[in-house]
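Input: a single structure, listed below in structure tokens.
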């Protein structure tokens, strides 16, 4: 299929259940900027059906406590090179800098976030 070279940045992070709405507001702003700068798609998903038998649950993978849930998110790009350009522009965008330097504590702990870049294996 044409366009198989899509590249995806993926994120998995635990978050206190009472911080999900605060996270949603931050993610909405960030996602709008990411899309404006060229990301093809942007998703932020909150755990719903996480009690899974005979498999490693997302809660376990994210080391989430009982008062936490999990955010699973991803951003789609044309290619790894496109991802690098968009993310470079994102990190120098004054709106992102303002959010990062606002002095407001983020609704989750960045040190507990899993992140990685992924080549597309199958795209239908």
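In my numbering, the protein residues as written are 1 to 124. By construction, the Cβ of each residue, glycine as well, lies at the ideal position given by its N, Cα and C atoms.
Under the three-state reduction of DSSP, which class applies to residue i: helix, strand or coil?
i          : result
residue 1  : Summary for residue 1: the model assigns pLDDT 47, below 50, so the residue's position carries little reliability; its value from the coordinates is reported in the next sentence. Residue state, collapsed to three classes: coil.
residue 47 : coil
residue 89 : helix
residue 16 : strand
residue 41 : strand
Using only CA atoms, which one of the options lies nearest to residue i?
i           : options            : result
residue 88  : 57, 33, 60 and 120 : 33
residue 31  : 96, 106 and 108    : 96
residue 45  : 70, 63, 26 and 53  : 70
residue 125 : 43, 16 and 17      : The structure shown has nothing for residue 125, since the chain only spans 1 to 124.
residue 22  : 111, 105 and 121   : 105
residue 40  : 121, 119 and 74    : 74
Is the beta carbon of residue j closer than 8 angstroms to that of residue i?
i          : j           : result
residue 68 : residue 107 : no
residue 80 : residue 117 : yes
residue 12 : residue 61  : yes
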